[in-house]
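Asks: If you scroll down you'll find the structure; I have some questions about it.
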Amino acid sequence: MAMFYLSIYMLALGNGACEPSLATFGSNQFDEECPGEKPGKNSFYSYFYVATNLGSLFAETVLAYIQNLGQWTLAFWVSVSCSVVAYVLFLSGSVRYRYFKPCGNPLARFCQVVVAAWKKSEVEIPGEDDKLFEVHERNGSGSDRAGGRRILHTKAFRFFDHAAIITSKDEIMGSNRSSDYNPWNLCTVTQVEEVKCIMRLLPIWFCTIFFSVIIVQMASLFVEQGAAMKTTINSFHIPPASMTLFDIISVSLFIVFYDKLIAPAYAKLMKTVPEGPSEITKMGIGLVIAFMGMITAGLVEQQRLKYAQKGGTELSSLSILWQVPQYILIGVSEAFVYVGQLDFFGSQTPDGMKSTGIGLCMFSNFLGSYLCSFIVSIVMEVTTKGGRPGWIPANLNDGHLDRFFFLMAGLTVFELLGYIWCARYYKFKSLESKGVASETSVEMV
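Numbering (mature numbering (1 follows the signal peptide of the UniProt record, and there is no 0)), first residue to last: -18 to -1, 1 to 427.
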C-alpha cells in the first residue's frame, strides 16, 4: 500500500508541475504583437482545455470500461503507454519550438520587492517616474533580467514603489546601466510593477474560487442525485458517474464552435469587436450560466423528490436523463470561466511570471474542493439540529438537496456581484513593445 500511495502523490506532483508549465510554454509559441499570430494565441487556451477534456473523456469511457472488467493492470499500462506517446510527440517538435531565457525564480523576485520596499518605507517617493530605478538596456542585464518587456510605471500600490527608490547607499554603476546592484535593496520599476500585476489579479482570483465549488458538485452531489434516480432505459443501465460525459462533450463542442459561430454572433448582437467578449466578460458570463445550472439542478431535485417514496429506500421513478441540462449548463460555464481565466491570467501576468499566473489560476480548483467540503459541513451542522435528517442525508429522499443547490445558486449571485465590482475597477497592465528600447510605446493587453 505504501508504494500505491507514493505513486498517487507522485502523479499529483507531476501533474501540478506539468499543467501550468505546459500552458505557459504553449502560449509562448505565439507572438501576441504579431497580427498574424495573435488569433492563434487567443485560441490556444481554448483548444488546450479541449485537449484536457478529451483526455478525461478517454479515461471515463475506455479506461473505465477496462477497469469495470477487472483489468486494472491493463488499464494502468494503457495509461503509461499514453504518457509515453504524449512525451514522444512533445519531443518531436523540439527543433521548431520557441525558447526563452529563464529570468529567475518569480517567488524570489516577488519577495525582493517586498523586502526592499519595507527597508525603504520611511523614504519619500519621488514625484517623477524617471527618478525611480530602471535598467534601460537590452543586453541581457536589462529587461531580460526583469523578465522580458518593461512594464510602465503605475500609481497603484504606491508602497511597493519604495523598492525602486535610489538612495545614497545603493551602488549604481554607469547611470542605471549596470546589473551590479543588490536586488534585495533596490529593484527596477518593471520588477515592482510585476508585483503590482499580481496584486491586481488577486481580487479577480478570489472571486473565481467559488466557481470551483460549483464544479465539484458534478463529481459529488450530482452523482449522488443521479444514483437516487431511475438509471435504466429499457434494459440499459446508465452509471450515475458517467453522466459527466455530457459535461465533457458540451465543453468540447462549445469551444470548437465558439470562434466560428458564438463569438461572431455575440459581436453582431453587442456590436463589439469580431473576437467576441473579452476574457473578463467571458468569466462573468460563465458565472451567470453556472447560476442557471445550479437553479436547474435544484428544480430537477424537486421533481425527483416528487416522484420518490418519502422516507423509503426505493429510487425515484424520475429518469436520470433529467440531469442532462444541468450538466450541459455547467459544462458551458466551464468553457467560459476556465478558458477565460487561463487567457486572462496568462495575458495579465508579467512575461517572467506567466507560469505563476497560470498556476494561480489552477490553484483555485484546489481551494474550491476544500471550500466545498467546508460548506457541506456547515450546512449539515446547521440543518441536522433537533434530530432532523438535514439537507444531505444518506437517503436523499429524507433530505432537501434542492435547498442546497439553491443555496449554491444564491452564493453564486454574491460571487458574481463581487466579481463585477472587481472587474469594473481592474487596471490592465501597460507594456513596452518588444522591439522598442527607449521609446514609450504602450500596449494595452
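Note that beta-carbon positions come from the ideal geometry of N, C-alpha and C, so glycine has one too.
Only counting the same chain, and skipping five residues up and downstream in sequence, which positions put a Cβ closer than 8 Å to that of valine 238?
Replies: Val32
Asks: Three or more beta-carbon pairs under 8 Å between the stretch 329 to 343 and the stretch 297 to 311, yes or no?
Replies: no
Asks: Would you check if the distance between the CB atom of phenylalanine 105 and the CB atom of phenylalanine 142 is smaller than 9 Å?
Replies: The question names phenylalanine, yet the displayed sequence has valine at residue 105. Against a cut-off of 9 Å, the Cβ pair of phenylalanine 142 and valine 105 comes out as no contact.
Asks: Using 8 Å as the cut-off, can you tell me whether the stretch 284 to 291 makes contact with the stretch 308 to 318, which would need three or more C-beta pairs spanning the two stretches below that distance?
Replies: no
Asks: Determine, using beta carbons only, whether glutamate 110 and alanine 146 come nearer to each other than 9 Å.
Replies: No.
Asks: Quick check: the Cα distance between asparagine -4 and lysine 151, rounded to an integer number of angstroms?
Replies: For asparagine -4 and lysine 151, the distance between alpha carbons rounds to 45 Å.
Asks: Starting from the N-terminal side, write out each stretch of the alpha helix (DSSP H) that is 4 residues or longer and does not extend beyond the stretch 227 to 310.
Replies: 245 to 252, 261 to 289
Asks: Return helix, strand or coil for lysine 102, following the three-state DSSP convention.
Replies: coil
Asks: With 16 as the cutoff for other CB atoms within 10 Å, does glycine 350 come out buried or exposed?
Replies: buried
Asks: How about tyrosine 163 and isoleucine 262: are their beta carbons less than 9 Å apart?
Replies: No.
Asks: In its own chain, which residues sit with a C-beta less than 6 Å from the C-beta of phenylalanine 12, not counting the 5 before and 5 after it?
Replies: Glu19, Gly22, Lys23
Asks: Quick check on the DSSP output: the alpha helix (DSSP H) that includes aspartate 384 runs from which residue to which?
Replies: In the DSSP annotation of this structure, the continuous segment of the alpha helix (DSSP H) that includes aspartate 384 starts and ends at 383 to 406.
Asks: What whole-angstrom Cβ distance do phenylalanine 386 and tryptophan 373 have, given they're in contact under 8 Å?
Replies: 5 Å
Asks: Compute the Euclidean distance between the alpha carbons of isoleucine 180 and threonine 149, then round it to the nearest angstrom.
Replies: 26 Å
Asks: Roughly how many angstroms separate the alpha carbons of isoleucine 271 and serine 299, rounded to a whole number?
Replies: 28 Å
Asks: Indicate whether glycine 400 and cysteine 93 have their beta-carbon atoms separated by less than 9 Å.
Replies: Cβ atoms of glycine 400 and cysteine 93: not closer than 9 Å.
Asks: How about phenylalanine 193 and valine 319: do their beta carbons lie closer than 9 Å?
Replies: yes
Asks: Tell me which same chain residues have a C-beta within less than 6 Å of the C-beta of asparagine 377, skipping the five on either side of it?
Replies: Excluding positions up to five away in sequence, the list is empty.
Asks: Do the stretch 241 to 255 and the stretch 360 to 370 touch if we need at least three Cβ pairs shorter than 8 Å?
Replies: no
Asks: Please report how far the alpha carbon of serine -12 lies from the alpha carbon of glutamine 53, in whole angstroms.
Replies: 19 Å
Asks: Using a Cβ-Cβ cutoff of less than 7 Å, which residues in the same chain neighbour arginine 80 once the five nearest sequence positions on both sides are dropped?
Replies: Excluding positions up to five away in sequence, the list reads Asn10, Gln11.
Asks: Need the endpoints of the alpha helix (DSSP H) that valine 44 sits in, please.
Replies: Taken as a continuous stretch (DSSP letters only), valine 44 belongs to no alpha helix (DSSP H), as it is neither H nor E.
Asks: Nearest to phenylalanine 396 by CA position, among Gly328, Phe273, His135, Val60, is which residue?
Replies: Comparing Cα-Cα distances from phenylalanine 396 to each of Gly328, Phe273, His135, Val60, the minimum goes to Phe273.
Asks: Quick check on the DSSP output: the alpha helix (DSSP H) that includes tryptophan 373 runs from which residue to which?
Replies: That residue, tryptophan 373, is in no alpha helix (DSSP H); it is neither H nor E in DSSP.
Asks: For a test of the three-state rule: what should DSSP assign to threonine 366, helix, strand or coil?
Replies: coil
Asks: Which of the three DSSP states is assigned to glutamate 119 in this structure?
Replies: For glutamate 119, the pLDDT reaches just 46, beneath the cut-off of 50, and the residue's location in the model is therefore unreliable, although a value from the coordinates is still provided. Coil, per DSSP.
Asks: Using 10 angstroms around the beta-carbon of lysine 336, count the other beta-carbons present and answer buried if the total reaches 16, otherwise exposed.
Replies: By the neighbour-count rule (16 or more Cβ atoms within 10 Å), lysine 336 is buried.
Asks: What are the boundary residues of the alpha helix (DSSP H) that includes cysteine 179?
Replies: Segment 171 to 201, the alpha helix (DSSP H) holding cysteine 179.
Asks: Can you tell me the Cβ-Cβ gap for isoleucine 133 and glutamate 175, rounded? I've got them flagged as a contact below 8 Å.
Replies: 4 Å
Asks: Comparing C-alpha positions only, which one of Trp187, Leu183, Leu203, Thr394 sits nearest to phenylalanine 348?
Replies: Minimum Cα distance to phenylalanine 348 is reached at Trp187.
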